[in-house]
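These notes concern the structure reproduced below.
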Amino acid sequence: MRASKILSIVLFWTCFAMFGQNKQLLYDFVEIPQSAMINPGVDTDFQWYAGVPLLSGMSLQAGSSGLSVNDIFANDGLDINDKIRDRAIYGMNARDELSGTFQIELLNFGFRGKNPDNFYTGGMYIEGDAIGYWFQDYAILAFDGNADKLNQPFDLGHLKTRGEMMNVFHIGLNKKIDNELTIGVRGKIYSSIFDFNSTKNQGTFITKEGVNNIYSSTIEADMQLRTSGLNGLKDASDDGTLGSTITKRAFFGGNLGVGVDLGFTYQLSDQLVFTGSLLDLGFIYHSKDIKNYTLNGKATIEGIEIILPDAAADPNADFWQDLVDDVEGFVPFEDNADSYIAFRPTKLYSSLRYNFGEHVDNRANCACGVNASSNRARAKYVNSVGGQLYVINRPRGPQVALTGFYQRRFGNFMSIKTTYTIDKFSYSNVGLGLSLQAGPVNIYAMADNLLSYGNLADSNYASFQLGLNIISWGKK
Amino acid sequence: MLSCLTLFSCIEDQDFNQFDEIGVTPTIEASILYVEAPESLVNASTQTNVINQEFNFDAFSSDVFSKRVLDGTITYIVENTTESELSVSIELLDLDGNVLDTVIIPVAPAPMEMQQIDIAYGNSGRSIDIIKNTSSIRVEATNVSGTQSTSTLAEPKVILKSSGKFRLEIIQ
Chain A
2 MRASKILSIV LFWTCFAMFG QNKQLLYDFV EIPQSAMINP GVDTDFQWYA
52 GVPLLSGMSL QAGSSGLSVN DIFANDGLDI NDKIRDRAIY GMNARDELSG
102 TFQIELLNFG FRGKNPDNFY TGGMYIEGDA IGYWFQDYAI LAFDGNADKL
152 NQPFDLGHLK TRGEMMNVFH IGLNKKIDNE LTIGVRGKIY SSIFDFNSTK
202 NQGTFITKEG VNNIYSSTIE ADMQLRTSGL NGLKDASDDG TLGSTITKRA
252 FFGGNLGVGV DLGFTYQLSD QLVFTGSLLD LGFIYHSKDI KNYTLNGKAT
302 IEGIEIILPD AAADPNADFW QDLVDDVEGF VPFEDNADSY IAFRPTKLYS
352 SLRYNFGEHV DNRANCACGV NASSNRARAK YVNSVGGQLY VINRPRGPQV
402 ALTGFYQRRF GNFMSIKTTY TIDKFSYSNV GLGLSLQAGP VNIYAMADNL
452 LSYGNLADSN YASFQLGLNI ISWGKK
Chain B
2 MLSCLTLFSC IEDQDFNQFD EIGVTPTIEA SILYVEAPES LVNASTQTNV
52 INQEFNFDAF SSDVFSKRVL DGTITYIVEN TTESELSVSI ELLDLDGNVL
102 DTVIIPVAPA PMEMQQIDIA YGNSGRSIDI IKNTSSIRVE ATNVSGTQST
152 STLAEPKVIL KSSGKFRLEI IQ
């Protein structure tokens, strides 16, 4: 039992460590500097902040929309092959996914400019992102085969996956336009470590009654896998230079890209706030260490076909090899080193927040107050409640998550935010975030899908974020 | 917070030893060989052998197949629209030309019912090693009646169709 629990935890926190990207707990959590990373237009009141290198922001998210560890490995006396067949092979569909992301901040800082309405941010972080949709028809073909499935097409488009790892350098400006509106923009340079994607596959494999022979097998494929950096990493691993190779690529030694984040906060009234942000509107141009693979064409075979007497004309004819050559000729598997552009998975956040209850004194170095006509940073309320929208662009189209939240502030010392989120991973995702401010030291921690902790192995989704910052409000 | 959540979390009993019991054994089927001989060839034969030809067929002996095949069936179908009575023999040969298996199909003259024979390999059938070692197929058709065919049907011919249906062990 102990070993099982340890293995489950390892599986939970590592193998499945890449799912979802929604940071609904951190979004608009204005007490935490990292909230600016998901809305550059956040309403911030800091004079400056500095994240503790490597500890300022760490996030890991994991999830599978169709299957959990418990579904397959529960000690329930059922045959595991039946569970795989019922719950995975035929229980999931091609829209189910195994996806996710991680981010580790290497450097993060922000400071207010001479113009106190301007707040500048900068830093860099490592990000990994991957998604793999359930390749259902491939799984059926591998598990059951094509026998007794006459006229049933197997969709080769079910192979749809992408993944990448990169270092991101960023610099941003958060500007308070007036008492109602704050906008922000952040420029990014992506320094790619590796990338792979195979997202535009089309085609079918089908077995039908043959025209001449008993069966005809037809494959029609238009498939492509593009990779960048993987071969170099393999070579580096063989040479024992993996660390230096990754470091070199992370600091502009690999393929580069650019992107931008946009965001705003608009004060609809003293108590009602509307926010929005658009993240990672950008791309990476991959031109180094490229290896792409293609399978393109159509072929129908009915075994070796011998039409006499013509076929007997050449006594040395090798009909089997001719058949193999024909298939390879009609559906060639080829590779190339063509450059390509990979767009980042763009994310959209939006929220509507209603503040109520007593006021919390603002720490900003200004004459702030709820009713101040030109204050730079508004006083906060003890309570906030609202809703959030999250959309991410994925290979099978946008994914949406809806969140309801409640935030409670305990003076300027502590703030707690709890969320309830509905998305394709879970309808019962309750999260909790905590920000503690001890003098200039800010510590925050957040965890998701808390109800699943009753049986971790049965969870489809989990995430956590934590960080450590030093914050100053500029007051003497 | 994360540590607390992990420490105080629960996990229902999981049995990861089940992983060893996972078996992936798909059954695949496809056509193997199609041979067609027109009536003119039947009649042109100076001897009784209408067809006697060996065809290279490496699909069975390739590693990707032979190391995974568990059992299966080969189906032969013969159609004869000539007026000659034939005997069709199919031999599976290894790389050295040794005969591993022989299937003989008597074929009545037209009008005839389609003649189908299913040969099982593995389990209670013939040895699966026959399939694993098959490198070529020899087809021989003999004019048993020894008479000339004068069929009034359009394009009279003798046709051999065949397909295989095999269960493979991908993971065990």
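If you read the sequences in order, they're chains A and B.
Residue 2 is where the first sequence starts when you use my numbering, and the numbers rise one by one after that.
Residue 2 is where the second sequence starts when you use my numbering, and the numbers rise one by one after that.
Using N, Cα and C, we set each Cβ at its ideal position, and we do this for glycine too.
As the structure is a computational prediction, the values presented were derived from the model and not from experiment.
Scanning chain A for C-beta atoms nearer than 8 Å to the C-beta of B:N57 yields D319, F320, W321 and Q322, reported in chain order. Around the beta carbon of A:F334, fewer than 16 other beta carbons lie within 10 angstroms, which makes this residue exposed.
In the same chain as B:D119, and ignoring 5 residues on each side of it, the C-beta atoms closer than 7 Å to its own belong to T74 and T76, in chain order.
Using a Cβ distance threshold of 8 Å, B:R139 and B:D72 do not count as a contacting pair. Using a C-beta cut-off of 8 Å, the region 155–166 of chain A makes contact with the region 186–203 of chain A, since at least three inter-stretch Cβ pairs fall below that distance.
Chain A has a Cβ within less than 8 Å of the Cβ of B:V25. Three or more beta-carbon pairs separated by less than 8 Å link the region 119–134 of chain A to the region 96–110 of chain A, which places the two stretches in contact. For A:S218, the residues of chain B that pass the 8 Å Cβ criterion are A31 and S32, in the order they occur in the chain. Residue-level contact by beta carbon fails for A:G468 and chain B, as no gap is shorter than 8 Å. The beta carbons of A:I207 and A:N152 sit closer together than 8 Å. With respect to chain A, the C-beta atom of B:L87 has no partner C-beta closer than 8 Å. Closest by C-alpha distance to A:A143, out of B:I29, B:R127 and B:L87, is B:I29.
DSSP places A:M38 within a helical segment (H, G or I) once states are collapsed to three. Across the structure, A:E221 and A:F170 are spaced so that their CA atoms are roughly 43 Å apart.
Two segments are said to touch when three or more pairs of C-beta atoms, one from each, lie closer than 8 Å; by this definition the region 318–327 of chain A does not touch the region 279–297 of chain A. Chain-order list of chain A residues neighbouring B:F66: empty, with the shortest C-beta distance near 13 Å, by a criterion of under 7 Å. Taken through DSSP and simplified to helix, strand or coil, A:D77 comes out as coil. Taking each of A:G440, A:Y267 and A:N394 in turn and checking the Cα distance to A:K177, the smallest one comes out for A:Y267.
Think of a sphere of 8 Å around the beta carbon of B:K133: no beta carbon from chain A falls inside it, the nearest being about 17 Å out. With respect to the 8 Å criterion, A:K189 and A:V259 are classified as neighbours on the basis of their beta carbons. By the criterion of at least three beta-carbon pairs nearer than 8 Å, the region 415–426 of chain A is not in contact with the region 211–221 of chain A. Looking at the backbone, the Cα of A:D326 and that of A:A37 are separated by about 58 Å.
At a beta-carbon threshold of 7 Å, none of the residues of chain A lie near B:L93; the nearest stands roughly 14 Å away. Here DSSP, grouped into helix, strand and coil, assigns B:T83 to coil. At least one beta carbon of chain A lies nearer than 8 Å to the beta carbon of B:E37.
By the rule that beta-carbons nearer than 8 Å mark a contact, B:I78 touches chain A. Per DSSP, the unbroken beta strand (DSSP E) holding A:I302 starts and ends at I291 to I302. Beta-bridge partners assigned by DSSP to A:M93: none are found.
With a threshold of 8 Å between beta carbons, B:L101 makes no contact with chain A. Of all residues in the region 70–89 of chain A, only V70, N71, I73, F74, A75, N76, D80, I81, N82 and I85 come within less than 8 Å of chain B when Cβ atoms are compared, listed by chain position. Excluding residues up to 5 positions away in sequence, I23, G24 and V25 lie with their Cβ nearer than 7 Å to the Cβ of B:I172 in the same chain. Your pair B:A142 and B:V70 does not check out as a contact, with CB atoms roughly 28 Å apart and the cut at 8 Å. Here the alpha carbon of B:E84 sits roughly 15 Å from the alpha carbon of B:E37. Bridge pairing for A:N152: absent [DSSP].
Judged by their CB atoms, A:H287 and A:N337 are not nearer to each other than the 8 Å cut-off. Buried is the label assigned to A:A448, since at least 16 other Cβ atoms lie within 10 Å of its Cβ.
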